[in-house]
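Chemist: Sharing a structure here in structure tokens format.
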Amino acid sequence: MSLRLTLRQWFRSAWPPFVAVLLFVGTWEAAVRYFHVEAWILPPPSAIAQEASRSAGSLWMHTLSTLRLTLLGFVIGSAVGLIVACALHLVPLLKSALYPLLILSQNVPTIALAPLLMIWFGFGLLPKIIVITLVCFFPVAVSAMDGFAQTDRTMLNYMRMIGANRMQIFRKLEFPHALPSLFSGLRIAATYSVMGAVIAEWIGAQKGIGYYMILQKSAFRTDRIFAAIVIVVALSLLLFLLVTLIEKLAVRGGRRSGEVREGGERR
Amino acid sequence: MNTENEREKERRAAGSGTVGGSGADEAGQKGQTAQRSAAYSGAGAEAPAQERSTYGAGKAETPGRRGQTAPREAGAAHASGRLEQAGGSGAPVKLELTGVHKSFGGRKRPLPVIGGVSLQVREGEFVSLIGPSGSGKSTLFHLIGGLLQPDSGQITLDGRVINGERGHIGYMPQQPALFPWRTIEDNVVLDREVGGSPRREALDEARRWMERAGLGGFERAYPHMLSGGMQQRAAFVRALLSPQELMCLDEPFSALDAFTRSEMQSWLLDIWEETRRSVLFVTHHIEEALLLSDTVYVLSGRPSAVLRRIEVPFPRPRREEIAESAEFLALRRELTGLMKEEQRRARAADSAAGSRR
Numbered sequence: 000m001s002l003r004l005t006l007r008q009w010f011r012s013a014w015p016p017f018v019a020v021l022l023f024v025g026t027w028e029a030a031v032r033y034f035h036v037e038a039w040i041l042p043p044p045s046a047i048a049q050e051a052s053r054s055a056g057s058l059w060m061h062t063l064s065t066l067r068l069t070l071l072g073f074v075i076g077s078a079v080g081l082i083v084a085c086a087l088h089l090v091p092l093l094k095s096a097l098y099p100l101l102i103l104s105q106n107v108p109t110i111a112l113a114p115l116l117m118i119w120f121g122f123g124l125l126p127k128i129i130v131i132t133l134v135c136f137f138p139v140a141v142s143a144m145d146g147f148a149q150t151d152r153t154m155l156n157y158m159r160m161i162g163a164n165r166m167q168i169f170r171k172l173e174f175p176h177a178l179p180s181l182f183s184g185l186r187i188a189a190t191y192s193v194m195g196a197v198i199a200e201w202i203g204a205q206k207g208i209g210y211y212m213i214l215q216k217s218a219f220r221t222d223r224i225f226a227a228i229v230i231v232v233a234l235s236l237l238l239f240l241l242v243t244l245i246e247k248l249a250v251r252g253g254r255r256s257g258e259v260r261e262g263g264e265r266r
Numbered sequence: 000m001n002t003e004n005e006r007e008k009e010r011r012a013a014g015s016g017t018v019g020g021s022g023a024d025e026a027g028q029k030g031q032t033a034q035r036s037a038a039y040s041g042a043g044a045e046a047p048a049q050e051r052s053t054y055g056a057g058k059a060e061t062p063g064r065r066g067q068t069a070p071r072e073a074g075a076a077h078a079s080g081r082l083e084q085a086g087g088s089g090a091p092v093k094l095e096l097t098g099v100h101k102s103f104g105g106r107k108r109p110l111p112v113i114g115g116v117s118l119q120v121r122e123g124e125f126v127s128l129i130g131p132s133g134s135g136k137s138t139l140f141h142l143i144g145g146l147l148q149p150d151s152g153q154i155t156l157d158g159r160v161i162n163g164e165r166g167h168i169g170y171m172p173q174q175p176a177l178f179p180w181r182t183i184e185d186n187v188v189l190d191r192e193v194g195g196s197p198r199r200e201a202l203d204e205a206r207r208w209m210e211r212a213g214l215g216g217f218e219r220a221y222p223h224m225l226s227g228g229m230q231q232r233a234a235f236v237r238a239l240l241s242p243q244e245l246m247c248l249d250e251p252f253s254a255l256d257a258f259t260r261s262e263m264q265s266w267l268l269d270i271w272e273e274t275r276r277s278v279l280f281v282t283h284h285i286e287e288a289l290l291l292s293d294t295v296y297v298l299s300g301r302p303s304a305v306l307r308r309i310e311v312p313f314p315r316p317r318r319e320e321i322a323e324s325a326e327f328l329a330l331r332r333e334l335t336g337l338m339k340e341e342q343r344r345a346r347a348a349d350s351a352a353g354s355r356r
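These protein sequence lines are chains A and B, in that order.
For the first sequence, numbering that gives the first Met the number 0 gives the first residue as 0, with consecutive numbering after it.
For the second sequence, numbering that gives the first Met the number 0 gives the first residue as 0, with consecutive numbering after it.
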């Protein structure tokens with residue numbers, strides 16, 4: 000389990016998609032040049048990179064602002080999701096009452112609520128955090144509840160046989176057992192939270208990548224919008240990796256979410 | 000009075016070669032010899048000699064703990080007695096099932112699974128249950144473990160009714176059921192943790208036993224790094240460290256290959272003869288039952304009841320070689336015949352029930 004070994008493994012699985020991205024960017028560059036596409040419709044990657052480095056200062060400022068918002072929203076949203084999941088799991092009556100409603104509520108497009116939230120809560124931090132929370136909380140809550148519900152029957156039986164009480168079963172068995180599942184929910188929530196932040200900024204903000212994109216759209220600066228998109232992707236990736244890293248530290252005993260499914264340890 | 004009692008006890012233990020047990024427990028004991036009852040009256044207790052046969056479903060008197068000195072004495076007797084003697088017919092009764100019934104399914108068409116099982120596990124005795132597959136052995140364990148309530152009948156532990164109460168047994172399930180996110184040593188102390196005892200102390204003892212179980216050096220390993228046999232040994236150590244005296248082992252070796260299985264049997268024999276815990280062991284492996292047990296109960300098919308109770312006569316400590324003795328082979332043949340017949344009968348009954356539906 001040395002770090003070097005995991006790095007090498009990581010490298011081995013990382014180079015094929017890396018090459019694919021390089022090929023994609025190369026094709027894009029060649030196609031734009033060959034077909035003489037207008038820069039305001041589709042700028043070549045090289046031009047986007049040049050523009051990004053020219054306006055690095057302001058991009059950095061907006062990125063930091065979005066990152067702060069995203070992290071705050073992600074943490075709050077995930078915490079709410081986890082708390083809801085625990086509460087519904089531990090109180091079966093609550094679950095049977097609220098779980099169907101929770102599923103139904105996902106048919107309401109959260110993004111569409113954003114303008115409403117702006118009206119109610121103004122243009123400050125609060126409505127943006129609420130948007131991100133609404134987006135994050137569902138995948139976390141559902142994956143955690145799934146994880147709790149899929150607790151290994153033989154282990155559960157064992158805990159009951161030796162006389163463990165409800166809280167002991169939850170703390171010592173169900174919660175750690177659900178961690179891989181919880182983390183797959185957190186990974187989804189991490190990428191969603193970046194999206195939530197950008198959309199919240201589109202609707203009302205004075206800074207942030209979303210605000211920057213709206214600004215550049217009205218100026219038809221396609222290259223800058225592309226630069227902003229790259230940053231959004233990078234932010235998503237960063238959060239995704241962060242969650243994966245935390246998972247590595249938190250989930251022990253050779254059962255990361257991917258491996259569990261392959262190994263058939265849990266069906 | 001106190002010292003006199005202890006001396007008396009020592010004398011008895013030496014004289015009869017059986018576990019003395021506590022004066023209190025013995026007062027309610029069944030089936031003692033006349034000589035032993037005499038010893039009790041000497042110690043100031045009244046112990047009506049009772050025949051096993053008269054002692055059945057209508058259990059009239061439950062032994063209560065008497066006197067203030069009794070609990071302490073019980074502990075002393077327990078510690079010294081354990082090492083000397085297989086829980087012979089004289090040791091106090093640990094677990095007792097009396098006419099236990101259990102059915103599943105609705106009220107309209109109940110499916111009786113347990114149909115009046117009565118059995119006893121004495122302190123320090125190794126008792127096996129064998130029976131055809133589907134004879135409700137696991138259900139019986141769930142009843143003893145308190146996961147299920149019997150429809151009728153009584154389950155008593157140390158003379159106290161524990162119907163539907165959890166947390167009175169150490170348990171080793173069919174699958175090792177080690178928690179994959181815990182290291183082996185953390186897994187092994189789980190019972191203690193749930194029982195609320197200090198972790199440090201539990202870990203010290205766990206490490207000692209793991210060494211004895213051939214798990215030395217694997218304390219910090221995770222279960223998936225261990226072989227099936229090692230995982231089962233870890234699961235056994237976990238049950239062994241349970242604060243509860245009675246251990247229930249539910250077909251613990253059924254998932255192992257034949258070679259590992261016989262290795263595990265002799266390992267279990269060694270460890271058990273050293274610790275002398277009260278064990279209830281479920282298996283469908285006749286030879287395994289005979290090799291390990293003091294008493295074997297043969298269960299019938301559904302709804303299961305005790306077909307026969309066999310006391311295994313071989314002295315302790317035992318070696319695997321006894322499996323080649325003529326007496327062993329005769330017992331095995333007898334049991335195999337019984338089981339085959341029962342399996343046939345159970346299957347016939349099942350298919351008859353199937354065609355009725």
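Just so it is clear, CB atoms sit at the ideal spot from N, CA and C, and this is done for glycine as well.
In three-state terms, what does DSSP make of Pro111/B?
Modeler: strand
Chemist: Return the first residue and the last residue of the alpha helix (DSSP H) that Phe147/A is part of.
Modeler: Run containing Phe147/A: 124-148, per the alpha helix (DSSP H) assignment.
Chemist: Could you tell me whether any Cβ in chain B is nearer than 7 Å to the Cβ of Ile161/A?
Modeler: yes
Chemist: Taking Cβ-Cβ distances shorter than 7 Å, what residues in chain A pair up with Gly166/B?
Modeler: What Gly166/B touches in chain A: Ile161, Gly162.
Chemist: So for Thr155/B, helix, strand or coil by DSSP?
Modeler: strand
Chemist: Would Gly135/B and Ser303/B be called neighbours here (beta carbons separated by less than 7 Å)?
Modeler: yes
Chemist: What number of angstroms, rounded off, separates the C-alpha of Ile183/B from the C-alpha of Asp151/A?
Modeler: In this structure, the CA atom of Ile183/B is about 18 Å from the CA atom of Asp151/A.
Chemist: Taking a Cβ distance cut-off of 7 Å, strictly less, list which residues of the stretch 128-157 of chain A are near chain B, in chain order.
Modeler: Thr153, Met154, Asn156, Tyr157
Chemist: Tell me the rounded alpha-carbon separation between Leu41/A and Ala148/A.
Modeler: Straight-line Cα distance between these residues: approximately 48 Å.
Chemist: Buried or exposed for Val232/A, going by 16 or more other Cβ atoms inside 10 Å?
Modeler: exposed
Chemist: At a CB-CB cut-off below 9 Å, which residues of chain B make contact with Arg251/A?
Modeler: Residues of chain B passing the Cβ test: Pro179, Trp180, Arg181, Thr182, Tyr221.
Chemist: Which residues, in chain order, does the stretch 170-183 of chain A contribute to contact with chain B at a C-beta distance below 9 Å?
Modeler: Lys171, Leu172, Pro175, His176, Leu178
Chemist: What is the residue span of the beta strand (DSSP E) that Thr282/B lies within?
Modeler: 277-282
Chemist: So that I know if they touch, is there some Cβ in chain A lying closer than 7 Å to that of Pro172/B?
Modeler: yes
Chemist: Relative to the C-alpha of Cys247/B, which residue among Val120/B, Gly114/B, Arg343/B is closest?
Modeler: Val120/B
Chemist: Which one of Val295/B, Val236/B, Glu319/B, Arg275/B has the shortest CA to CA distance from Pro172/B?
Modeler: Val236/B
Chemist: For chain B, check one thing: does any of its Cβ atoms lie closer than 7 Å to the Cβ of Ala8/A?
Modeler: Ala is not the amino acid found at residue 8/A; the sequence shown has Gln there. Not one chain B Cβ lies under 7 Å of Gln8/A.
Chemist: Nearest to Gly72/A by alpha carbon, out of Met158/A, Gln205/A, Gly195/A?
Modeler: Looking at the Cα atoms, Gly195/A is the closest of the given residues.
Chemist: Which residues does DSSP list as the beta-bridge partners of Tyr296/B?
Modeler: Leu128/B, Arg308/B
Chemist: Is Glu105/A helix, strand or coil by DSSP?
Modeler: Residue 105/A is actually Gln in this sequence, not Glu. Correct three-state label for Gln105/A: coil.
Chemist: For Ala176/B, which residues in chain A fall below 8 Å Cβ to Cβ?
Modeler: Asp151, Thr153, Met154, Asn156, Tyr157
Chemist: Is any beta-carbon of chain A found at less than 7 Å from that of Val193/B?
Modeler: yes
Chemist: Tell me, to the nearest whole angstrom, how far the beta carbon of Leu146/B is from that of Arg159/A; I am working on the premise that it is less than 8 Å.
Modeler: 5 Å
Chemist: Excluding the 5 residues preceding and the 5 following Arg11/A in the sequence, name in chain order all residues of the same chain whose CB lies nearer than 7 Å to its CB.
Modeler: none
Chemist: Which value, in whole angstroms, describes the spacing of the CA atoms of Ala189/A and Ala19/A?
Modeler: 24 Å
Chemist: Verify whether the separation of the beta carbon atoms of Trp39/A and Phe219/A is less than 7 Å.
Modeler: yes
Chemist: Under a three-way DSSP split, which group does Ala119/B fall into?
Modeler: The amino acid occupying residue 119/B in the given sequence is Gln; Ala does not appear at that position. Reduced to three states, the DSSP call for Gln119/B is strand.
Chemist: Along chain A, in chain order, which residues have C-beta atoms closer than 9 Å to that of Gly144/B?
Modeler: Asn156, Arg159, Met160, Ile161, Gly162
Chemist: Go to Asp203/B, then tell me how far its alpha helix (DSSP H) extends in each direction, as first and last residue.
Modeler: 198-211
Chemist: Taking Glu95/B as the reference, give the member of Leu142/B, Gly104/B, Glu287/B with the closest Cα.
Modeler: Leu142/B
Chemist: With the cut-off set at 7 Å, would you say Gly169/B and Ser102/B are in Cβ contact?
Modeler: no
Chemist: Determine the chain A residues that contact Asp190/B at a beta-carbon separation under 8 Å, and present them in chain order.
Modeler: What Asp190/B touches in chain A: Ile161.
Chemist: Taking Cβ-Cβ distances below 7 Å as the criterion, which residues of the stretch 230-251 of chain B are in contact with chain A?
Modeler: Ser241
Chemist: Can you tell me the Cα-Cα spacing of Asp269/B and Glu287/B, whole angstroms?
Modeler: 14 Å
Chemist: Within 10 Å of its beta-carbon, does Gln231/B have 16 or more other beta-carbons around it, so buried, or fewer, so exposed?
Modeler: With 16 or more other CB atoms across the displayed protein chains lying within 10 angstroms of its CB, Gln231/B is buried.
Chemist: Just how far apart, CA to CA, sit Val197/A and Ser142/A?
Modeler: 24 Å
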